[in-house]
Amino acid sequence: MSAGWTPIADEAERAARVLHPDRHGMPRPAARRVMGVANQKGGVGKTTSTVNLAAGLALHGIRVLVIDLDPQGNASTALGVEHRTGTPSVYEVMLGEIPLEEAVAVSTASPNLLCLPATIDLAGAEIELVSMVARESRLAQALNDETLSRLDVDYVLIDCPPSLGLLTVNALVAASEVLIPIQCEYYALEGLGQLLSNIDLVRSHLNTSLHVSTILLTMYDGRTKLADQVTSEVRQHFGPTALRTVIPRSVKVSEAPGYSQTVLAYDPGSRGAMSYIDAAREIAEHGASGAYRPDGH
Ligand code: ADP
Ligand code: MG
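Taking the working numbering, the leading residue of the sequence shown gets -5, the next gets one more, and so forth.
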């Protein structure tokens, strides 16, 4: 660090890295990756991580489809995609009423970023699906290889609702990887056992390729001892599955969705934006090496 280097220069440098990503490209995956972003706890950063990781990848030339699987529709909002009642959405797609392509919209964040929005209608799906044929694999059917190839996407990120109900099960059947965001807070690990055993159940009965490939620590507050305790506990338990990059707690990250933006667009020089880019790069690098597949193929 040279003399005269200021926090503002630091921020400008970070903004330049976000706004001019070409110098720091990200590899495309060896094969398309479908990742469910899941944790039955609410407020741990599932939606925030889904949209900002997706934007980080898309800004580096990788094509990403975000599936908003939460009736709240927060991922759709953050990606600048319409999700009023009546908008063609994931709900009609899962019911088999319309093909995926009919409901997919391009995000205002990037032409490489597509989003299948959720409307409030999805709130009823959890119950309506119960009596349907192949109720656990409705989403998997919609996300078939042929359709995804036509959309030419490298990544599909599925933003799960805060429950372990049928919607999340659909995500776990459609995905081959699970990304679990963990908030650096009290009780961070509470409920994780239940999530992991549900993942095991889905793997043994419905989707043998499913595995936890990525853990992302979110809302890290360096001023607290607790954040470090949670971080080291998670690293001890999950080893390299936990990304090296940790997402800091940052007001900018929480403000961005209020402007229908990702933090990368809202404040490209912020630490939040930078850390999501770094996390996206780690994910992309795992994907390129194939290291994320435990069986090695
Ligand atoms: P989930 O989808 O798991 O329910 P969200 O992504 O919606 O969680 O995040 C919950 C709340 O925390 C939201 O208000 C969001 O803006 C805020 N938030 C998420 N990540 C951060 C962060 N790194 N710094 C500050 N606030 C955050
Ligand atoms: Mg959410």
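Every residue gets a Cβ at the ideal spot worked out from N, C-alpha and C, and that includes glycine. Here the structure is a predicted model, which is why all the values come from computation and not from measurement.
Could you tell me if the beta carbon of residue i falls within a distance shorter than 8 Å of some heavy atom in ligand 1?
| i | result |
| --- | --- |
| Ile174 | no |
| Asp64 | yes |
| Gly281 | no |
| Pro242 | yes |
| Tyr208 | The displayed chain sequence assigns Thr, not Tyr, to residue 208. No, the Cβ of Thr208 stays beyond 8 Å of every heavy atom of ligand 1. |
| Pro234 | no |
| Met268 | no |
| Asn192 | no |
| Ser125 | no |
| Val28 | no |
| Gly39 | yes |
| Val247 | yes |
| Thr256 | no |
| Asn33 | yes |
| Thr202 | no |
Can you tell me which of the options puts its alpha carbon nearest to the alpha carbon of residue i?
| i | options | result |
| --- | --- | --- |
| Gly37 | Ile176, Leu63, Gly216 | Ile176 |
| Gly266 | Glu249, Glu86, Glu184, Ile241 | Ile241 |
| Lys40 | Met88, Ser83, Tyr260, Asp153 | Asp153 |
| Val247 | Ile271, Arg229, Ala168, Glu95 | Ile271 |
| Val84 | Arg129, Leu51, Leu133 | Leu133 |
| Val206 | Leu137, Val28, Ala117 | Val28 |
| Asp139 | Ile114, Leu166, Leu94, Leu173 | Leu94 |
| Pro234 | Leu73, Val60, Ile277 | Ile277 |
| Gln66 | Val127, Ser157, Gly19 | Ser157 |
| Ala24 | Val147, Leu47, His77 | Val147 |
| Gln188 | Ile121, Ala48, Cys178, Lys35 | Lys35 |
| Tyr253 | Ala273, Ala72, Ile92 | Ala72 |
Give a single yes or no on whether residue i has its beta carbon closer than 8 Å to a heavy atom of ligand 2.
| i | result |
| --- | --- |
| Asp153 | yes |
| Asn46 | no |
| Ala69 | yes |
| Gly36 | yes |
| Thr113 | no |
| Thr0 | no |
| Thr162 | no |
| Pro251 | no |
| Lys293 | Because the chain is modelled from -5 through 291, residue 293 falls outside the range shown and cannot be assessed. |
| Thr102 | no |
| Pro156 | yes |
Any idea what DSSP makes of residue i, helix, strand or coil?
| i | result |
| --- | --- |
| Tyr180 | coil |
| Val296 | In this structure the chain extends from -5 to 291, so residue 296 is not present and cannot be described. |
| Met29 | strand |
| Ala278 | helix |
| Leu166 | helix |
| Ile271 | helix |
| Ala212 | According to the sequence displayed, residue 212 carries Thr and not Ala. It is a strand residue. |
| Asp194 | helix |
| Pro251 | helix |
| Ile152 | strand |
| Val257 | helix |
| Ser207 | strand |
| Val245 | helix |
| Ala6 | helix |
| Val228 | helix |
| Pro234 | helix |
| Val45 | helix |
| Ile174 | strand |
| Leu200 | coil |
| Leu158 | coil |
| Leu137 | coil |
| Thr0 | coil |
| Val240 | coil |
| Gly290 | Note that Gly290 scores a pLDDT of 36, beneath 50, so its modelled location is shaky; the value from the coordinates is reported in the next line. Coil at Gly290, not helix or strand. |
| Met(-5) | For Met(-5), the pLDDT reaches just 44, beneath the cut-off of 50, and the residue's location in the model is therefore unreliable, although a value from the coordinates is still provided. It is coil, neither helix nor strand. |
Heavy atom of ligand 4 less than 8 Å from the Cβ of residue i, yes or no?
| i | result |
| --- | --- |
| Met213 | Looking for ligand 4 in the displayed structure turns up nothing; the ligands present are ligand 1 and ligand 2. |
Completely contained alpha helix (DSSP H) runs for the stretch 50 to 107, where each covers 4 or more residues: 68 to 72, 84 to 88, 94 to 97
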